[in-house]
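Accompanying notes for the structure given below.
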Amino acid sequence: CQTSMSHLLIPTLPVIQNPKEVRFSPYVDNGGTTLGIAGKDFAVLAADTRLSTGYSIHTRNHSKITQLTNHCALASAGQQSDILTLHKYLKSRIQHYEYTHGKQPSTPAIAQFLSNTLYYRRFFPYYAFNVLAGVDEQGIGHVYSYDAVGSFERVPHSTSGSGSQLVQPFLDSQVGWKSANSKELSKAETVALAKDAITSAGERDIYTGDYVEICVLDAQGIHWDKADLKFD
Numbered sequence: 007c008q009t010s011m012s013h014l015l016i017p018t019l020p021v022i023q024n025p026k027e028v029r030f031s032p033y034v035d036n037g038g039t040t041l042g043i044a045g046k047d048f049a050v051l052a053a054d055t056r057l058s059t060g061y062s063i064h065t066r067n068h069s070k071i072t073q074l075t076n077h078c079a080l081a082s083a084g085q086q087s088d089i090l091t092l093h094k095y096l097k098s099r100i101q102h103y104e105y106t107h108g109k110q111p112s113t114p115a116i117a118q119f120l121s122n123t124l125y126y127r128r129f130f131p132y133y134a135f136n137v138l139a140g141v142d143e144q145g146i147g148h149v150y151s152y153d154a155v156g157s158f159e160r161v162p163h164s165t166s167g168s169g170s171q172l173v174q175p176f177l178d179s180q181v182g183w184k185s186a187n188s189k190e191l192s193k194a195e196t197v198a199l200a201k202d203a204i205t206s207a208g209e210r211d212i213y214t215g216d217y218v219e220i221c222v223l224d225a226q227g228i229h230w231d232k233a234d235l236k237f238d
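Note that the sequence shown covers residues 7 to 238 in the working numbering.
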């Protein structure tokens with residue numbers, strides 16, 4: 007009987023002595039630095055154009071700034087796929103609003119809508135760290151700072167990305183009135199300061215470089231500028 011039942015016995019499996027735990031992350035940081043500065047009747051957005059992963063540079067000329075309306079723009083750092091998805095969704099909803107109401111939404115309205123959009127995805131967030139800038143109906147400059155899940159506030163200046171820890175103290179000193187030398191800056195001085203801030207970040211942060219793109223927003227619309235950074 008034992009011989010006849012031998013083919014029904016369950017074979018013994020080898021014991022795994024050292025099991026391996028395999029982890030997967032859906033996120034990757036593609037680097038880059040963005041900043042926003044609010045003036046009395048204007049706002050300035052700036053960002054570098056390098057797109058990289060680790061030590062590999064995918065492209066040296068990729069814009070991190072998206073124009074949302076004639077008086078509002080968004081700069082984002084983080085994972086490129088999530089940033090593209092977020093920007094595309096925002097533009098489509100703003101376009102739908104314009105078709106429905108016959109006008110573009112205001113900058114404060116877009117700021118709240120972006121917060122709602124990020125909060126809606128809080129359980130699987132967009133890996134995008136955003137700086138929104140623009141002017142309102144009265145022509146007053148606005149800059150908004152966000153975390154990944156939609157918490158936001160209006161601030162005089164903000165920064166995000168791989169070089170943000172280098173840029174933030176500089177902005178606090180030169181724009182945030184935390185230095186004896188701080189003063190209210192003109193539009194030209196603010197643009198020059200934004201270029202200097204991104205240039206300085208590029209000297210210490212390998213994920214920031216190539217070009218700096220400047221977006222100036224005022225009551226007349228949006229004006230663009232571009233300058234060289236280091237290429238190494």
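Every residue gets a Cβ at the ideal spot worked out from N, C-alpha and C, and that includes glycine.
Helix, strand or coil for aspartate 244? Go by DSSP, reduced to three states. Outside the displayed range of the chain (7 to 238) lies residue 244, so it cannot be described from this structure.
Nearest-angstrom Cα separation, counted from isoleucine 89 out to valine 32: Looking at the sequence provided, one finds proline at residue 32 rather than valine. The straight-line gap from Cα to Cα measures roughly 14 Å.
Rounded separation between cysteine 221 and asparagine 24 - CA only: Each residue's Cα considered, the two are about 55 Å apart.
Alpha helix (DSSP H) segment containing isoleucine 204, residue limits: Per DSSP, isoleucine 204 belongs to the alpha helix (DSSP H) from 193-210.
What are the partner residues of leucine 138, as DSSP defines its beta bridges? Partner(s): Leu80 and Tyr150.
On the DSSP bridge assignment, give the partners of glutamine 222 in chain order. Here residue 222 turns out to be valine, not glutamine, going by the sequence shown. DSSP output for valine 222 lists Val50 and His229 as bridge partner(s).
Cα-Cα, which of Ala225, Ile63, Arg56 and Lys97 is closest to alanine 83? When Ala225, Ile63, Arg56 and Lys97 are compared, the shortest CA-CA separation from alanine 83 is found for Arg56.
Would you kindly work out how many angstroms separate the C-alpha atoms of leucine 41 and tyrosine 125, rounded to a whole number? Between the C-alpha atoms of leucine 41 and tyrosine 125 there is a straight-line separation of about 22 Å.
Integer-rounded CB distance, given that valine 34 should sit under 8 Å from glutamine 110: That belief does not hold up - the Cβ atoms of glutamine 110 and valine 34 are roughly 33 Å apart, past 8 Å.
Any chance you could list the beta strand (DSSP E) runs of at least 3 consecutive residues sitting entirely within the stretch 161-187, in chain order? Entirely contained in the stretch 161-187, the beta strand (DSSP E) runs reaching 3 residues are, in chain order, 163-167.
Kindly identify the DSSP beta-bridge partner or partners of leucine 57. For leucine 57, which the question treats as bridged, DSSP gives the partners Thr65.
Determine the DSSP secondary structure at tyrosine 242, reduced to helix, strand or coil. Beyond the ends of the chain as shown, which are 7 and 238, falls residue 242; an answer cannot be given.
Name the two residues that bound the continuous alpha helix (DSSP H) containing glutamine 118. Here the alpha helix (DSSP H) through glutamine 118 covers 113-126.
Starting from glycine 42, trace the beta strand (DSSP E) in both directions and tell me its first and last residue. From DSSP, the beta strand (DSSP E) with glycine 42 extends over 39-44.
Could you tell me which of Tyr217, His107 and Gly156 sits nearest to phenylalanine 130, measuring between CA atoms? Nearest option by C-alpha distance: Gly156.
Counterpart residues of phenylalanine 129 in DSSP-defined beta bridges: Under DSSP, no beta-bridge partner is assigned to phenylalanine 129.
Counting pairs of Cβ atoms below 8 Å between the stretch 100-120 and the stretch 141-160, do you hit three or more? Touching, per the Cβ criterion.
For isoleucine 71, which residues does DSSP report across the bridge? For isoleucine 71, DSSP records a beta bridge to Ala81.
Does DSSP put glutamate 27 in a helix, a strand or coil? Coil at glutamate 27, not helix or strand.
Could you tell me the alpha carbon to alpha carbon distance between glycine 167 and phenylalanine 119, rounded to whole angstroms? Our two residues, glycine 167 and phenylalanine 119, have alpha carbons roughly 22 Å apart in a direct line.
Which whole-angstrom value describes the C-beta separation of tyrosine 132 and leucine 92, a residue pair presumed to lie in contact below a C-beta threshold of 8 Å? Sure, about 5 Å apart at Cβ, within 8 Å.
CB-CB length for tyrosine 217 against lysine 201, believed under 8 Å: Contact between tyrosine 217 and lysine 201 is ruled out by a C-beta separation of about 11 Å, above the 8 Å threshold.
Starting from the Cα of glycine 38, find the closest Cα among Gly208, Trp230, Tyr95 and Lys189 and give me that residue. Closest option to glycine 38, Cα to Cα, is Gly208.
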